[in-house]
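Numbering (this note's numbering), first residue to last: 707 to 880. This report concerns only the one structure given below.
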């Protein structure tokens with residue numbers, strides 16, 4: 707999963723600039739509270755919901771770091787860049803947790819001898835071919851990549867590390 711490039715992408719910066727320009731109805735280079743709250747806070751009947759307006763006002767205050775009652779383009783971009791960075795971090799944490807969960811699930815299902823790790827045969831049996839009688843070269847290669855300490859056993863930590871660095875997908879048992 708490669709999220710890290712999203713926070714600095716030019717696409718997001720262009721989107722931020724476009725949103726700012728749309729909200730800056732008087733084109734003075736900053737947003738007033740009225741411009742900010744009127745942008746996107748109207749419901750289908752054209753009237754603003756008071757709860758939405760209250761949320762918009764609170765968000766405006768959070769973005770207006772200078773406290774001057776105006777949100778500049780720099781304040782707007784800084785807030786949303788931080789938001790993007792925080793979101794990216796959260797997504798990466800979720801991905802790491804999912805990798806750990808997938809690894810634990812695989813170990814619990816495939817660990818036939820109950821030692822808490824997978825041998826090459828257990829690993830191969832858990833793969834798409836599902837046979838431990840004939841271990842394919844592909845299974846051997848993947849097993850050796852995952853078995854980072856080379857002890858002939860794949861642990862949950864090794865599986866999770868491999869999964870998070872390579873992403874889930876059709877490459878093997880994860």
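The beta carbon of each residue, even a glycine, is placed where N, CA and C say it ideally should be.
- Within a 10 Å sphere around the beta-carbon of residue 723 sit fewer than 16 other beta-carbons, which makes this residue exposed.
- Within the same chain, 823 come within 6 Å of residue 859 by CB-CB distance, once the 5 residues on both sides are set aside.
- If you draw a 10 Å sphere on the C-beta of residue 760, you find fewer than 16 other C-beta atoms in it, and that means exposed.
- Under the three-state reduction of DSSP, residue 759 is assigned to helix.
- Runs of alpha helix (DSSP H) with 4 or more residues, each lying fully within the stretch 826 to 869, are found at 826 to 832 and 843 to 852, listed in chain order.
- Scanning its chain for C-beta atoms nearer than 7 Å, with the 5 sequence neighbours on each side dropped, one finds around residue 852 the residues 860, 864, 865 and 868, in chain order.
- Spanning the alpha carbons of residue 789 and residue 726 requires a straight line of approximately 15 Å.
- Note on residue 833: 16 or more other CB atoms within 10 angstroms of its CB, so buried under the neighbour-count rule.
- The continuous alpha helix (DSSP H) containing residue 743 extends over residues 739 to 744.
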